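There are 2 protein chains.
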Amino acid sequence: MIPDIVLFHIGQLATLAGHCDTPKTGDTLQELSIIEDGAVAIKDGQIVLVGTTKEVISRLSEEPLLPPIEFPDMLAIPGFVDSHTHLVFGGSRENDFAMKLAGKRYIEILEAGGGILNTLGATRAATQDELSSNAFSYAEGMLSSGTTTIEAKSGYGLDVENEVKILRAVEVLRDKLPSEFVSTFMGAHAVPPEYKDGVDRYVNLVIDEMIPVVAEHGLAEFCDVFCEEGVFGIEHSREILTAAKDKGMKLKVHADEIVQLGGAGLAAELGAISADHLLMSSDDDLEAMGKAGTIATLLPGTAFSLDTEYADARKMIEMGLPVALATDFNPNCANESMFFTIALACYKMKMHPREAISAATINGAHALGRGDVLGSIEPGKRADILILDCPNPEYLSWRFGVNLVHTVVVNGQVLHTKLGP
Amino acid sequence: MIPDIVLFHIGQLATLAGHCDTPKTGDTLQELSIIEDGAVAIKDGQIVLVGTTKEVISRLSEEPLLPPIEFPDMLAIPGFVDSHTHLVFGGSRENDFAMKLAGKRYIEILEAGGGILNTLGATRAATQDELSSNAFSYAEGMLSSGTTTIEAKSGYGLDVENEVKILRAVEVLRDKLPSEFVSTFMGAHAVPPEYKDGVDRYVNLVIDEMIPVVAEHGLAEFCDVFCEEGVFGIEHSREILTAAKDKGMKLKVHADEIVQLGGAGLAAELGAISADHLLMSSDDDLEAMGKAGTIATLLPGTAFSLDTEYADARKMIEMGLPVALATDFNPNCANESMFFTIALACYKMKMHPREAISAATINGAHALGRGDVLGSIEPGKRADILILDCPNPEYLSWRFGVNLVHTVVVNGQVLHTKLGP
Chain A
5 MIPDIVLFHI GQLATLAGHC DTPKTGDTLQ ELSIIEDGAV AIKDGQIVLV GTTKEVISRL
65 SEEPLLPPIE FPDMLAIPGF VDSHTHLVFG GSRENDFAMK LAGKRYIEIL EAGGGILNTL
125 GATRAATQDE LSSNAFSYAE GMLSSGTTTI EAKSGYGLDV ENEVKILRAV EVLRDKLPSE
185 FVSTFMGAHA VPPEYKDGVD RYVNLVIDEM IPVVAEHGLA EFCDVFCEEG VFGIEHSREI
245 LTAAKDKGMK LKVHADEIVQ LGGAGLAAEL GAISADHLLM SSDDDLEAMG KAGTIATLLP
305 GTAFSLDTEY ADARKMIEMG LPVALATDFN PNCANESMFF TIALACYKMK MHPREAISAA
365 TINGAHALGR GDVLGSIEPG KRADILILDC PNPEYLSWRF GVNLVHTVVV NGQVLHTKLG
425 P
Chain B
5 MIPDIVLFHI GQLATLAGHC DTPKTGDTLQ ELSIIEDGAV AIKDGQIVLV GTTKEVISRL
65 SEEPLLPPIE FPDMLAIPGF VDSHTHLVFG GSRENDFAMK LAGKRYIEIL EAGGGILNTL
125 GATRAATQDE LSSNAFSYAE GMLSSGTTTI EAKSGYGLDV ENEVKILRAV EVLRDKLPSE
185 FVSTFMGAHA VPPEYKDGVD RYVNLVIDEM IPVVAEHGLA EFCDVFCEEG VFGIEHSREI
245 LTAAKDKGMK LKVHADEIVQ LGGAGLAAEL GAISADHLLM SSDDDLEAMG KAGTIATLLP
305 GTAFSLDTEY ADARKMIEMG LPVALATDFN PNCANESMFF TIALACYKMK MHPREAISAA
365 TINGAHALGR GDVLGSIEPG KRADILILDC PNPEYLSWRF GVNLVHTVVV NGQVLHTKLG
425 P
């Protein structure tokens with residue numbers, strides 16, 4: 005076997021190995037399975053050998069195709085898996101910022117016709133190419149910041165045609181960037197103004213028309229619902245998610261972000277892969293999630309931008325819940341950096357840097373049903389590896405909020421960041 | 005006149021012109037003097053022409069030496085001026101992070117022998133080359149994030165030899181990077197353990213030995229003091245700052261960060277260029293600063309990392325104080341990004357994005373006594389210009405906390421950021 009690429013003499017290689025079957029919980033969140041002076045051999049975009057430099061070199065029967073690359077004093081971790089983004093939308097939302105500066109909450113901006121409705125109009129007005137081109141620039145920024153897997157939700161079209169347009173725009177990205185994209189249908193992201201007085205009718209549209217079309221054309225692997233007071237209640241959410249499940253889609257839920265509505269409990273009841281946000285969830289619902297194996301995906305960037313409290317990560321970790329971290333990149337929280345997210349997780353939610361790394365990689369992969377193929381540095385997995393200007397995991401939080409990526413390996417491609425002429 | 009470089013068709017060119025004499029205050033903080041479809045011509049590292057693309061092209065008598073570079077749909081602003089950093093130190097401080105996670109305050113970490121004393125040992129043990137090499141990597145990161153002028157304080161040596169070593173390490177950086185460096189002597193950053201029971205003796209050492217050596221060799225333009233309960237009180241601070249002023253040094257004060265000690269009032273009394281931190285300052289002292297023309301330099305990164313309240317930027321702006329923003333990059337707040345700082349200023353201190361841009365550029369330049377040569381895009385100034393992947397100033401806060409730099413022009417050199425093979 006002749007590898008294409010060998011990375012070696014990596015100061016600390018945090019493989020996060022051994023958690024392909026189920027996400028990490030409790031104390032194992034801190035275990036990064038670090039190999040000192042580590043090496044990785046890559047062939048055809050896959051990891052083929054992992055070990056100490058000595059081990060890997062002794063197991064190479066022939067020279068790799070390219071000269072080995074050395075990374076002394078650096079930390080390697082799996083590529084970040086951003087398991088919750090609203091990547092595709094029209095326009096931008098800087099004009100809402102004045103409302104935020106005046107202290108308005110998200111729900112107030114929404115009620116004032118701003119927020120998601122503003123983006124709804126811009127998204128409907130955009131062509132698929134325009135949407136794809138906007139999303140490309142965000143996804144490229146994510147890749148520069150080390151995110152090699154991106155979940156992308158629809159939900160700014162809110163009719164059959166425009167929801168399909170968004171999901172097709174994600175498909176285009178797959179051909180343009182080496183990042184892995186995972187599509188989620190979220191027609192139930194908001195009630196569009198034309199159904200303002202007929203939520204039942206909109207729910208029927210989602211169930212009877214959108215979900216069948218999305219399923220038939222294989223446009224999304226997941227279905228998500230914004231289960232929240234004033235948006236979709238528990239009953240509507242259950243109906244939509246059940247319909248999607250019946251069509252073979254996996255489930256996610258925007259749960260208990262603003263009020264304690266019980267979305268986390270619903271996610272557990274329906275066997276959702278993840279429930280996301282969870283600022284207001286009851287302990288009973290969190291316990292139900294634990295029993296169901298539903299991942300708690302925390303989105304501290306949203307709390308930062310909306311100036312709310314942060315989700316209680318420590319409580320969830322102590323309850324034994326699997327915790328993932330994601331950006332929630334969206335027009336209301338337009339930060340695509342997992343480094344920023346990790347900084348918030350450590351400084352504001354008191355997660356240990358090692359816990360944050362697990363949550364941002366292997367547990368993110370599990371939150372996308374891809375724990376077996378992504379999210380750790382193990383033979384057989386996709387070669388998504390970050391080499392960081394950073395000697396150890398704690399340093400990653402010490403140098404908080406900056407992009408420490410020296411080199412991104414994505415699907416076996418080696419990309420460097422540089423400032424130059 | 006043949007320019008070296010012409011940047012043209014810049015979507016929005018925020019020149020921040022017209023504030024070379026005094027820093028911006030009040031409503032003028034929001035005025036960015038934007039030229040639509042702007043252009044800049046540069047020669048020998050200086051800005052020579054600024055105007056609309058049409059104006060600048062009509063005034064060129066000959067072709068520039070290099071092909072003009074076009075930046076449609078982008079925003080150009082002056083290079084960031086980071087007027088408060090502790091750039092040069094030995095070691096790193098990730099191991100203190102566990103204490104932070106346990107909720108310890110800075111002063112508690114200090115009392116436990118961590119914090120600054122930890123860094124003191126590492127700095128004293130380091131060679132000048134080692135210090136310079138560490139600082140180089142941080143300064144390079146700053147440049148990648150758009151910071152073209154960096155103030156760098158001593159203060160981790162705390163004896164004559166090691167304070168001089170730090171300031172000489174800054175001098176080396178001047179030859180290695182095109183960024184502008186401004187040196188500040190801060191022997192009064194902490195009381196070293198060997199003077200724990202003799203603060204008076206340490207103050208005498210600073211006044212009688214350190215300041216004369218620093219002044220004689222022209223090693224620092226500014227003198228700064230950590231005026232704080234348990235560190236240097238008002239009287240000691242006054243003595244040190246007065247001695248430095250007598251030797252021709254300009255003054256800065258770390259004022260009222262943790263308790264209301266009156267550092268802001270002292271800064272005003274002594275005519276300091278800036279007083280920095282200001283979380284606890286009294287209204288009387290802030291008013292005195294306003295009368296004295298002392299700039300209020302706010303450091304929200306520190307509040308973020310120490311989990312304290314933020315300084316009351318809105319009150320200071322409404323009082324008519326000139327406000328500058330800086331990172332306070334140091335082993336206790338190792339974030340070098342002015343974008344992160346601006347995000348905190350907008351989201352947590354409720355500064356308008358335009359105010360934050362003024363505070364991070366022209367007012368930062370004034371806080372370094374360089375308002376006449378830096379901090380805005382005007383003929384005769386140093387050619388330090390950022391071209392951002394950003395169509396307007398508000399967008400800069402909408403896409404919060406990420407590095408939006410497309411191209412950095414520093415002292416007339418054009419550098420691009422890229423992710424590539």
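These protein sequences, in sequence, are chains A and B. For the first sequence, this note's numbering gives the first residue as 5, with consecutive numbering after it. For the second sequence, this note's numbering gives the first residue as 5, with consecutive numbering after it. Positions of the beta carbon are idealized from the N, C-alpha and C atoms, including for glycine. Fair warning: this is a prediction, and the values are worked out from it, not measured in the lab.
Quick one: list the residues of chain A neighbouring residue i, beta-carbon separation under 8 Å, in chain order.
i      : result
B:V418 : P425
B:D311 : Y351, K352
Cβ closer than 8 Å: which chain B residues qualify as neighbours of residue i?
i     : result
A:K47 : Result: empty, since nearest Cβ-Cβ is about 18 Å, beyond 8 Å.
Please classify residue i as buried or exposed, where buried requires at least 16 neighbouring CB atoms within 10 angstroms.
i      : result
A:L33  : buried
B:V263 : exposed
A:M5   : exposed
B:A106 : exposed
A:H221 : exposed
A:R358 : buried
B:T26  : exposed
B:R403 : buried
By alpha-carbon positions, which one of the options ends up nearest to residue i?
i      : options                        : result
B:A126 : B:F84, B:D316, B:Y160          : B:Y160
A:V257 : A:A268, A:P82, A:M78, A:N166   : A:A268
A:Y399 : A:I361, A:T411, A:I389, A:E225 : A:I361
B:V218 : B:E233, B:G379, B:N166, B:L274 : B:N166
A:E98  : B:P397, B:V406, B:T421, B:G424 : B:P397
B:V186 : B:A194, B:N407, B:V176         : B:V176
B:A426 : B:D25, B:L36, B:G49, B:L79     : Since the first residue of chain B shown is 5 and the last is 425, residue 426 of chain B is not available in this structure.
A:N103 : A:V92, A:C231, A:G119          : In the sequence as displayed, the identity of residue 103 of chain A is Met instead of Asn. Taking only the C-alpha atoms, the option nearest A:M103 is A:G119.
A:L174 : A:Y206, A:I215, A:Q132         : A quick correction: the sequence has Val, not Leu, at residue 174 of chain A. The shortest C-alpha separation from A:V174 is found at A:Q132.
A:H410 : A:D212, A:D77, A:L265          : A:D77
B:D48  : B:K319, B:V406, B:P383, B:G424 : B:P383
For residue i, which three-state DSSP category applies?
i      : result
B:E74  : strand
B:V210 : helix
B:G267 : helix
A:S341 : coil
B:A317 : helix
A:M190 : strand
B:A296 : helix
B:T123 : helix
B:K28  : coil
A:P304 : helix
B:R386 : strand
A:K108 : coil
B:L255 : strand
A:A248 : helix
B:S62  : helix
A:E225 : coil
A:A272 : helix
A:E155 : strand
A:A102 : helix
A:G22  : coil
Under 9 Å Cβ-Cβ, which residues of chain A neighbour residue i?
i      : result
B:N339 : A347, R403, F404, G405, V406
B:K319 : Simply none; closest approach about 15 Å.
Show which residues of chain A have a CB atom less than 7 Å away from the CB atom of residue i.
i      : result
B:H354 : A quick correction: the sequence has Lys, not His, at residue 354 of chain B. Neighbours of B:K354 on chain A, chain order: L105.
B:D163 : Ordered by position in chain A, no residue passes the 7 Å Cβ test against B:D163, which lies about 26 Å from the chain.
B:F308 : Y351
B:T421 : L423
B:G145 : V406
Residue i touches chain B at which residues, Cβ-Cβ below 7 Å?
i      : result
A:D332 : Chain B residues near A:D332: none, gap ~13 Å exceeds 7 Å.
A:S426 : What the structure shows of chain A is the stretch from 5 to 425, and residue 426 of chain A is not part of that stretch, so it cannot be assessed.
A:L91  : Near A:L91 there are no residues of chain B at all, since even the closest Cβ is about 14 Å away, more than 7 Å.
A:S136 : Chain B residues near A:S136: none, gap ~17 Å exceeds 7 Å.
Under 9 Å between beta-carbons, which chain B residues line up against residue i? List them in chain order, please.
i      : result
A:N99  : E398, W402
A:F344 : F344, A347, F404, G405, V406
Does any heavy atom of the ligand FMN sit closer than 8 Å to the C-beta of residue i?
i      : result
A:V257 : Ligands in the displayed structure: none, and consequently the ligand FMN is not present.
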